[in-house]
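In this note's numbering, the protein residues as written are 19 to 186.
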């Protein structure tokens, strides 16, 4: 049986006191020179979209928010959209509604082969600058539009049936 002593796992008070005085001296020198250190400076916090409180990153950007350019491809067109990296897919759909004329409810966005929900954030999913996002019109809504168009022109008579999209 091995006997463990606590002194081996912890620093002694003399070493701890010596390191804290050196850290305080270094922080004072950094503050005097105008530099910001983690030891002596104030820690800035930010709230992430997921609700986690984390230490704010030091970035070269002014606001800490970078703007990325996405290539959004439809069946016939390709659009380059500039948007903040911390935006959601719902915000991207609103911008695409202005560009394409499709309402956000009619749009389906695919990134990396998966349909993305409106509440998902671009940076959390891994969207980077110059990435490609596919835009499709919802097939159920497209079919409903075609039936309404045919019914108004008088070619097809619709008898009070409603079509519903089933989400799994």
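All residues carry an ideal CB built from backbone N, CA and C; glycine is no exception. Since we're looking at a predicted model, the values are computed, not measured.
Only counting the same chain, and skipping five residues up and downstream in sequence, which positions put a Cβ closer than 7 Å to that of residue i?
{"i": "residue 124", "result": "155, 156, 159"}
{"i": "residue 98", "result": "87, 89"}
{"i": "residue 141", "result": "103, 104"}
In whole angstroms, what separates the C-alpha of residue i from that of residue j?
{"i": "residue 111", "j": "residue 136", "result": "8 Å"}
{"i": "residue 104", "j": "residue 72", "result": "15 Å"}
{"i": "residue 166", "j": "residue 115", "result": "21 Å"}
{"i": "residue 96", "j": "residue 117", "result": "11 Å"}
Report yes if the C-beta distance between residue i and residue j is below 7 Å; otherwise report no.
{"i": "residue 190", "j": "residue 145", "result": "Because residue 190 is not part of the residues shown, which for the chain are 19 to 186, the question remains open."}
{"i": "residue 139", "j": "residue 67", "result": "yes"}
With a CB to CB cut of under 6 Å and the five nearest residues on each side skipped, what residues in its chain are close to residue i?
{"i": "residue 92", "result": "153"}
{"i": "residue 100", "result": "85, 87"}
{"i": "residue 108", "result": "136"}
Using a Cβ-Cβ cutoff of less than 8 Å, which residues in the same chain neighbour residue i once the five nearest sequence positions on both sides are dropped?
{"i": "residue 18", "result": "In the structure as shown, the chain begins at 19 and stops at 186. Residue 18 is therefore absent and cannot be evaluated."}
> Any contact of the stretch 156-170 with the stretch 81-99, i.e. 3+ C-beta pairs under 8 Å?
Replying inline: no
>> Suppose only complete runs of 3+ residues qualify. What are the beta strand (DSSP E) ranges in the stretch 90-141, listed by chain order?
In response: 96-102, 125-129
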